[in-house]
Amino acid sequence: MWWTRLKALIIKELLAILRDPRGRLILIGPPILQLVIFSYAATLEVKNIDVLVLNQDSGAWSQELVNRIAGAPTFRSIERVGSPDALRARIDAQQAIAAIHIGPTFSRDIAAGRPADLQIILDGRRSNAAQIVAGYLNQIVNQLSAEIGAGARGAGQAVTVVPRNWFNQNLIFQWFMVPNLVAAIALLIGLVVTALSIARERELGTFDQLMVSPLRTHEILIGKVIPPMIIGTFHMTIYILAAVFIFGVPLRGSLLMLYGSSIFYLLSVVGVGLFISALSMTQQQAILGAFLFMVPAMLLSGFATPIENMPDWLQPITYASPLRYFLVIVRGVFLKDLPFNEAMNNTIPLAIIAFLTLAAAAWLFRRRME
Amino acid sequence: MGEEFVRLSDVTKRFGSAPPALDAVSGSIRGGEITGLIGPDGAGKTTLIRLMTGLILPDSGVIEVLGFDTQKNPAGIQASIGYMPQRFGLYEDLSVQENLDLYADLRGLPLAERPAVFDELLTFTDLKRFTGRLAGKLSGGMKQKLGLACALLKKPRLLLLDEPGVGVDPISRRDLWTMVEDLTREGIGVLWSTAYLDEAEACDRVLLLNEGKLLFTGTPSGLTGRVDGRVFKLGGIEGRRRPILTKVLDQKGVVDGVIQGEAIRLVLDAPEPQGWKATDVAGRAAALSPAAPRFEDAFVDMLGGGPGGESKLADAAIPRDQNEGRAVIEARGLTKRFGDFTAASDITFSIPRGQIFGLLGPNGAGKSTTFKMLCGLLKPTEGEGRVAGFDLRHDTAEARNRLGYMAQKFSLYGDLSVAQNLAFFAGVYGLSGARKRERITLMTDIFDFRSILGMSAKDLPLGLKQRLALACAVLHEPEALFLDEPTSGVDPITRREFWTHINGLVEKGVTVLVTTHFMDEAEYCDRISLIYRGRSIALGSPDELKASVAGKDIPDPTMEDAFIALVQNSDLAETA
Amino acid sequence: MSTEAPPTGRARRFAALVRKESLQVIRDPSSILIAFVLPLILLVIFGYGVSLDATRTRIGLVIEDATPIAQDLAASFQASRYFEVAVGRDRRDFEEDLILGRVRGIVVIPASFADVGAAGGSPQIQVNVDGSDPNTANFVQNYAQGVVGTWMAQRAAEMAMRPPPISVEQRFWFNPELASRNFLVPGSIAIVMTLVGTLLTSLVVAREWERGTMEAMMATPVAAAELLAGKILPYFILGLVSMSLCVLIAVFVFGVPFRGSVLALYALSASFLMPALGQGLLISAATKNQFLASQLALLSAFLPAFLLSGFLFEISSMPWIIRMITTIVPARYLIPSLQSVFVAGDIWPMFLRSIAVMLTIGAVLFILAARSTRKRIA
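In structure tokens:
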């Protein structure tokens, strides 16, 4: 009996979202666009760099240096400027992110065995990119420096750093971003869909109809919880398939574990959505409320930047974001073959968030009926 | 006769590939008169009004409003009309005064005139006490008055009112009518669109629309003249009225019939019954006496008569034992307080099996609160409500399975198709497998849904929505039906069909609690409780209530007279 | 009031629309949330939380070589302000930590380190990084290079050997301490204005269509242009107020420098609000439905402002087709200019170009919005 009722409610919820062609479009179009744009645009790599050169030296070494920079694949163009003022103006207008200033005695100093001065100027307004560019330039300069040194002294003492990238040998950014998106998409869509579900029925007046029906409060809640979870699982599956077959991200861990913990993740997202829905009087409030949770939850999850970079007092707040835990699981399962224990450690907090938010939603929901 | 304010010549408007919403309509609206725009749902009333405002343009034909062509000079029209759309156009999060200020500014009412105009309109609409209240918190009747006040701010020359009477109680409607009548004396032209035919009757002229075509234009008496001598009252009925009505409606030549207190009102296709006698169908004492024709009689006659008396829905219902004697719905001292405001106070009544009980009362008087407490949507502060012996707030799903509920807005899922709505409600009420299929097929056949099963509920015309809502409410064969203004905004033909089904079900032992603003619907009730200011001020059968106010002034009061008199008496007692 | 000359009908209608809209904003807690609370949250997050600079990254340091020279290099790592170092003897000690993300890299000074050096070879150290986060991986590599470079220079000086032939001096202009806050906070102000301008505006106009108040408005003498302008002005002001609040907090609470002029700040912000509002109006006129409007605003305004504006991600690194798309994202023009106003100062040639582009996009959007909001309801 209860199953008949619940099934009817779940089917109704799914139809309410999917029957309208515009609704279907919203559930299919944006996720695909987001996948494409996020995975290609959201890259912290720095490529196609434009660099300025102010070369006041006429010797061979400065020429060698410039040639080496021009030859590096990450640099797109090298523009020579004639004066410090011109350099300044171009950096100001963000026409280049970095500039190299080679002094007039550069080649002579090297030849004479004196330390030759070289200035690298970077646009600190974009501090992240600037640091990465500085890293590239330093590497080129160090290489040259080492060769000069080696030439002068024979076998030198230079220590070489041999980098080795685990899990992602070529540091392909999409291997990082696409698994992140698997987790984020459920939050982006699931939250709004759930947040609207009760608010919409309230606005349209169908809510009373549900309340007088034999459905119990908990059945209504379950009926509201399951459809967004189905939709979330669908989106995740599409993204996982795209990750493996389009982006070639290796899937090293257990899919079963991923789906297992995704149940708790989706439950926690839907729990938050229902809580917002129970709190809102109108659809507008539900949408904006969902947004108000979503943006910080994304930013504080470690999605784009590591949580360990955040100040200590802020880090506890990140415990409230379900995305935080699930990101560890998704990334781990894809790239690292995450051990079962660690997956559990990150699933338990999800279960707790789900329990708390769903209980709060149920309580609010009952209280609103008084 | 006033000057012609609106001239329609051969106006046609289509939306998409559907049959035209308006088909070659010609006519006029004059100043200093109330012109009624009458027709069933989906007849094209709203489209015609929007065309007059210049908000949409006709596909062909010309509309001239106050000398301006709507195609060429909509701004000229919009500057000198007042328009109240169906949803009143109020900003719910602004207060009454702020709404007035907004529209005063938009319509360019000079500052100097404002205090006087506001004062006049607020007095006129009796909203003075509520100027600070948010429009969203007003009752339906008050919203409608405020909507009217906003439309009247700068004395328009032409006032367009789109179904101003929907969902509004008789007192508010009568107030509104008086206000509008006053306006016509100043030469203003008024177009009043409505599905309430008692309103139509009071108009100076009417335009009768059906399926986009103009069927009649002229004075209401011109229309009622069509049924002169064919309207009768069947009195002296023995036994229950409802089965007799069913029988009468199936007699040859009976165009229309409705219950009116203890009697039945009939429209025949000839001045005499053809081939049957009153005594054959209604018992030895029964007799037909001529009655004054009303607009509604003529309207139904013109549209080809009401539905027959048989309800397939009721035929398919299993009869329930009626002699149980136990009350099915019971209210015992129901009281609800919101803060220090008492919305309902000590409401007590009981409804035995197989009866229709009506809750009547002005908007905001507490009837909705009472209704909601009984069906378990609100928790009473004191007292209790029981349905079939259960308190719905605590008792199980099985208890709720015994009741059917149909709300004002018909509460269907607009994004779902007709079939999906039926399947959803069947499922929610625990029907499954063969039984579910059987009930859904039955509903589909009875209500003739076959051709529209795939349509979205939100795209259905109002009448069909209401049928679907009824089908969903009775799918699980409930013992008790809760109907909250079940025919709000629906035209008389659909309304008759609806009551045919309800009457049939009641005869099979279903118990009904209904709230309504239609006084003719109140006549269908076995007993009525009139709720006013949170209290039940009168309880009895329709005829008892009418008799209680009969006197020198009104020897033969209608239900509406009774309603108004009882409310006024209560006010007098209060002030005394 | 009575002493003033009566304003013209048009002016008064306009004032009435603006007043109505403002009252609605004030009454609905959700608009306040979006206009004031969310900006605060964003600012705090970008001011404190989201930092792309990997300061004190946890690494494991495996010292397989017990010679003093290896110990000396290890000490350099431990002293580095970029690393929080856990020391071990065997790289397997840290492998699990790397998988679990407890350390971001493992630096190995191999057993042969000193021997290779003594034999005149070039000693190697290994830096194993967690490639599952490529950005952090890059930083760890670069910092490790830096530590080694500095160490070598020091040793050279100590041993009175010749210094490295080229000495590099790095200068980060405008933001020498490399606080990512200094460019994230100005960027988040653009996001805030996108939210107020596009998301909120599209929702409120869609709501008017949903509730039928638009129909009543249109049947009054109000012209369509007045109706649009009356919608825009309150949100324009709200956007500027919200922006000003952000700037005050950024400067006085987060200590972000403000080297440009207030004039430039407002000129840029006002120009940016034009396309933002135009987009909001266009979305609502096209959808007339709050759910769809919110989704479209999210997709076409919020995400581009976040992703395609150069706020977090370098536009130059994107594939060309996405670079093309970014040219019509107004935030792309605002964000670099706004960053300059904060940390660099007034660079008017750049500002004027940005303003011109933003106003052009705005004009196109307004024309489209006005065309779809003619005084017709069907």
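Protein chains in written order, with the numbering used here: chain A, 1 to 370; chain B, 371 to 946; chain C, 947 to 1324. Backbone N, C-alpha and C define an ideal beta-carbon position, used for all residues, glycine too. Bear in mind that the values here come from a model prediction, so they are computed numbers and not experimental data.
By the CB criterion at 8 Å, A:I231 and A:L27 fall inside the cutoff.
Contacts between C:D1079 and chain A, judged by CB atoms closer than 7 Å, involve F176, P306 in chain order. In this structure C:R1035 is not in contact with C:V1062, their Cβ atoms being roughly 20 Å apart against a cut-off of 8 Å.
By the 16-neighbour rule on beta-carbons within 10 angstroms, A:G248 is exposed.
In this structure, DSSP gives B:D815 a helical state, which the three-state scheme calls helix.
A Cβ-Cβ contact shorter than 8 Å links C:F1129 with A:R126. Neighbours of B:A767 across chain A, judged by C-beta separation under 8 Å: M1, W2, R5, P214, L215, R216.
Spanning the alpha carbons of B:L472 and C:L963 requires a straight line of approximately 7 Å. Rounded to whole angstroms, the Cβ separation of B:V432 and B:S398 is 12 Å, and the two are not in contact under 8 Å. Fewer than three beta-carbon pairs drawn from the stretch 926–944 of chain B and the stretch 1146–1159 of chain C are found closer than 8 Å, and the two stretches are therefore not classed as touching.
Judged by DSSP in its simplified three-state form, B:E374 adopts strand. Collapsing the DSSP output to three states places B:D626 in a strand.
Between the alpha carbons of B:A474 and B:G511 lies a distance of about 21 Å.
The Cβ-Cβ distance between B:T495 and B:E533 does not fall below 8 Å. Nearest neighbour of A:F207 by Cα position, chosen from B:E867, B:L481, B:L748, B:L497, turns out to be B:L748. Going by beta carbons, C:G1291 and C:R1205 fall inside the 8 Å limit. According to the DSSP assignment, B:W869 belongs to no beta strand (DSSP E) but to the alpha helix (DSSP H) extending over 862–877. Less than 8 Å separates the beta-carbon of C:A1222 from that of C:M1139. DSSP, read as helix, strand or coil, puts B:R384 in coil. Boundaries for A:L338: no alpha helix (DSSP H) harbours it, and the DSSP string shows neither H nor E there. Exposed is the label assigned to B:E608, since fewer than 16 other Cβ atoms lie within 10 Å of its Cβ. When rounded, the separation of the alpha-carbon atoms in A:L335 and A:P250 is 6 Å. The secondary-structure analysis by DSSP pairs A:N55 across a beta bridge with A:I102. With its beta carbon at least 8 Å from every one in chain B, C:D1043 lies outside the interface. The three-state reading of DSSP puts A:Q94 in coil, since its state is none of H, G, I, E or B. For C:L979, the three-state secondary structure derived from DSSP is helix. Contact annotation: B:A656 and B:F602 have beta-carbon atoms that are not nearer than 8 Å.
Contact annotation: in the stretch 1115–1128 of chain C, residues whose CB is within less than 8 Å of a CB in chain A are E1115, Q1116, R1117, F1118, W1119, F1120, N1121, P1122, L1124, A1125, S1126, N1128. Taking 8 Å as the CB threshold, B:D785 lines the interface with chain A.
Burial of C:I1005 is indicated by the presence of at least 16 other C-beta atoms within 10 angstroms of its C-beta. In the DSSP assignment, A:N165 falls within the beta strand (DSSP E) that extends over 160–166. With respect to the C-alpha of A:S213, the residue from B:R903, B:L845, B:G910 having the closest C-alpha is B:L845. Of the candidates A:F264, A:T318, A:L14, A:A290, the residue whose Cα lies closest to the Cα of A:T347 is A:F264.
Within the stretch 1226–1241 of chain C, the residues whose Cβ lies closer than 7 Å to some Cβ of chain A are Q1236, F1237, L1238, S1240, Q1241, listed in chain order. Taking 8 Å as the cut-off, the beta carbon of A:G135 is found closer than this to the beta carbon of C:N1088.
For A:L266, the closest alpha carbon among the candidates A:L44, A:L188, A:R19, A:Q95 is that of A:L188.
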